[in-house]
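In terms of our numbering, the sequence shown opens at residue 7 and continues consecutively.
In what follows, a structure is listed as structure tokens, so that the remarks can point back to it.
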Amino acid sequence: MVARCRDLTNENVNDLLKEFSIPYSHLKQFKEHLNETSKAKIAAKEDKLDTILWYYEDLQCSPVDDIISERLRDGEQITLPYGKLMERLLLCRMLREGESTTSTRYGRRGARNTTSNSSNQPAHPDKAKFYSDLLPVAQAQLEKIKLPLESPVAVIGDASGSMEVAIRTATILSSLLTAICSAKLNFFNDKVFEPAFVPKTLEDVLSLALITQADGSTANAAGLVPYYNAKEVIKTFVMVTDEEENANGTIADGSTTRFFELFMKYRAEIYPAKLVFISFLSHQHAQGQMYSQFVNANVPDVLQFKFNRERPDLTKIDNLIGLLSTGSSDSFDNSLDPLQVEFEQNGIESVITRLVEKQDENSMPMDVEMNKTTAAN
7 MVARCRDLTN
17 ENVNDLLKEF
27 SIPYSHLKQF
37 KEHLNETSKA
47 KIAAKEDKLD
57 TILWYYEDLQ
67 CSPVDDIISE
77 RLRDGEQITL
87 PYGKLMERLL
97 LCRMLREGES
107 TTSTRYGRRG
117 ARNTTSNSSN
127 QPAHPDKAKF
137 YSDLLPVAQA
147 QLEKIKLPLE
157 SPVAVIGDAS
167 GSMEVAIRTA
177 TILSSLLTAI
187 CSAKLNFFND
197 KVFEPAFVPK
207 TLEDVLSLAL
217 ITQADGSTAN
227 AAGLVPYYNA
237 KEVIKTFVMV
247 TDEEENANGT
257 IADGSTTRFF
267 ELFMKYRAEI
277 YPAKLVFISF
287 LSHQHAQGQM
297 YSQFVNANVP
307 DVLQFKFNRE
317 RPDLTKIDNL
327 IGLLSTGSSD
337 SFDNSLDPLQ
347 VEFEQNGIES
357 VITRLVEKQD
367 ENSMPMDVEM
377 NKTTAAN
């Protein structure tokens, strides 16, 4: 077998697969030449279902969908990192809804309806038919995630025009944190607006990601205005944004303001809230104009997590959740690589449990541990 498989070519790959079970890692270079029979055999014989899901774009066809469904219904475990699992689910939803799945698939192109299709028949129900079997796996994992963010929590999502490429990833992050923390959620462009619905399940998260549009100018303060006007106590704000603030928010007395000034007023007049920036920036070493204001003013309890705006990567969700779970503002960037390795080896539930237990053992309350602003590396 080894000798025969050493001589794999575009012409003989399907014939050899009739005789032998060959790991997909040895077949990937021939993906354009695999027929449906070969794809189905790969899906049936590959040791880990994770591999089939990871390379689903290469193998997608109706027989493979049926095999994935069968393996899921037989109780086979999925050990993909949670962010990768979310990315796979988003891909499935987009295939079923007839959305583009090119390299810009996490962005938005063109207008969409602003009502959820989560309970309606998808445009292409024959695509990714295992979606309904995979969704409960991810939902069960989601329900095990607990974050020690001080409640009440409010998530403010940037849906301005400059977020077009990253809007789906940003919406998924906003919605996930809303579901995990039972948080309040709003979006903004030049003005604040409510989501089409409040996401409570993973299906809701994906549906909201497909219908939230990015357009207009960027008035980050607009997302904070409702809480300031109502004098509503929020203990942790999460701002999901590219930090390209270029417009003011207007408060009840008619005055206009930018986010930094309004947030400082909120802290002085209503509650000294913590602030987490989830920032979509042009490159890894960018700091972001808004976060820089807080760093320069030495404001405490302000954290930042970075995503690449041009290539927003859902697989980094695991790192984000892990770092939020530590309740620590120290050396975030230095923690990323070890956390990523641990997620891949042990899975998100095990890592989150360890981090929370470590926090309990150290008896370090989050409001003490997070008492300084972290400067970006």
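Don't be surprised by glycine CBs; every beta carbon is placed ideally from N, CA and C.
Model, not experiment: these values are computed from the prediction.
Please report the distance separating the alpha-carbon of residue i from that of residue j.
| i | j | result |
| --- | --- | --- |
| Gln145 | Asp319 | 20 Å |
| Ser335 | Ser157 | For Ser335, the predicted model reports a pLDDT of 46, less than 50, meaning its position is unreliable; a value from the coordinates is still stated below. Looking at the two C-alpha atoms, the distance is approximately 18 Å. |
| Phe313 | Thr177 | 13 Å |
| Lys206 | Ala185 | 5 Å |
| Pro154 | Lys37 | 44 Å |
| Thr121 | Ala202 | With a pLDDT of 43 at Thr121, under the threshold of 50, the modelled position of that residue is not reliable, and the figure given next carries that caveat. Between Thr121 and Ala202, the C-alpha separation is close to 6 Å. |
| Arg12 | Asp53 | 21 Å |
| Glu275 | Val143 | 44 Å |
| Leu91 | Thr218 | 21 Å |
| Glu93 | Thr321 | 7 Å |
| Leu40 | Asn16 | 8 Å |
| Ile323 | Ser181 | 12 Å |
| Phe283 | Glu63 | 33 Å |
| Gln35 | Gly328 | 35 Å |
| His291 | Ser298 | 12 Å |
| Pro306 | Ala258 | 27 Å |
| Leu361 | Val19 | Summary for Leu361: the model assigns pLDDT 47, below 50, so the residue's position carries little reliability; its value from the coordinates is reported in the next sentence. So the alpha carbons of these two residues sit roughly 46 Å apart. |
| Pro29 | Tyr61 | 12 Å |
| Glu375 | Asn302 | Low per-residue confidence applies at Glu375: pLDDT is 31, beneath 50, and the placement is therefore not dependable enough to give any value. |
| Asn235 | Asp80 | 53 Å |
| Ala304 | Thr262 | Checking the sequence, you will find Asn at residue 304 rather than Ala. Asn304 and Thr262: Cα-Cα distance of roughly 24 Å. |
| Thr43 | Asp139 | 23 Å |
| Ser285 | Leu78 | 35 Å |
| Leu287 | Leu65 | 33 Å |
| Met169 | Cys187 | 24 Å |
| Ser31 | Glu76 | 22 Å |
| Gln83 | Gln147 | 12 Å |
| Leu179 | Asp21 | 45 Å |
| Met296 | Phe26 | 58 Å |
Spatial neighbours of residue i within its chain, please: CB distance less than 6 Å, with the 5 preceding and 5 following residues excluded, ordered by chain position.
| i | result |
| --- | --- |
| Ala50 | Ile73 |
| Lys47 | Leu23 |
| Val239 | Tyr277 |
| Cys98 | Ala134 and Tyr137 |
In chain order, what residues of the same chain lie with their CB nearer than 8 Å to the CB of residue i, ignoring the 5 residues before and after it?
| i | result |
| --- | --- |
| Arg102 | Pro128, Ala129, His130, Pro131, Lys133, Ala134 and Tyr137 |
| Leu141 | Leu95, Leu208 and Glu209 |
| Val204 | Thr184, Leu191 and Asp210 |
| Val289 | Contrary to the premise, residue 289 reads as His rather than Val in this sequence. Closer than 8 Å at the Cβ level, and outside the excluded window around His289, lie Asn314. |
Ordered along the chain, which non-local residues of its own chain (more than five positions away) have a Cβ less than 7 Å from that of residue i?
| i | result |
| --- | --- |
| Glu200 | Asn192 |
| Ala165 | Ile173, Phe193, Phe194, Asn195, Thr218, Gln219 and Ala220 |
| Val198 | Asn192, Ala228, Gly229, Val231 and Pro232 |
Give the C-beta separation of residue i and residue j to the nearest angstrom, bearing in mind that I take them to be a contact with Cβ-Cβ under 8 Å.
| i | j | result |
| --- | --- | --- |
| Phe300 | Phe266 | 7 Å |
| Val387 | Ile162 | A query on residue 387 cannot be resolved here, the shown segment of the chain reaching from 7 to 383 and no further. |
| Ala279 | Lys241 | 6 Å |
| Val231 | Val159 | Wrong, their Cβ atoms sit about 18 Å apart, outside the cutoff. |
| Gly222 | Gly294 | Not confirmed; about 20 Å, so no contact. |
Handout entry: Whole alpha helix (DSSP H) elements within the segment 158-199, 4-residue minimum
Key = With a minimum length of 4 residues, the continuous alpha helix (DSSP H) runs that stay inside the segment 158-199 are 173-187.
Practice task
Count the CB pairs spanning the segment 263-283 and the segment 190-208 that are closer than 8 Å, and state whether there are at least three.
Solution key: No, the segment 263-283 does not touch the segment 190-208.
Practice task
Report yes or no: do three or more beta-carbon pairs, one from the segment 249-262 and one from the segment 218-232, lie closer than 8 Å?
Solution key: Using a Cβ-Cβ distance cut-off of 8 Å, the segment 249-262 and the segment 218-232 are in contact, since at least three pairs of beta carbons, one from each stretch, lie closer than that value.
Problem - Every unbroken alpha helix (DSSP H) inside the segment 45-81 [4 residues or more] - result: Counting only runs of 4 or more residues that sit fully inside the segment 45-81, the alpha helix (DSSP H) segments are 55-60, 62-65 and 68-79, in chain order.
Problem - Ranges of the alpha helix (DSSP H) found wholly within the segment 248-322, counting only runs of at least 4 - result: 265-275 and 295-302, all fully within the segment 248-322.
Problem - Uninterrupted alpha helix (DSSP H) stretches inside the segment 196-237 (no shorter than 4 residues) - result: With a minimum length of 4 residues, the unbroken runs of alpha helix (DSSP H) contained wholly in the segment 196-237 fall at 208-217 and 226-235.
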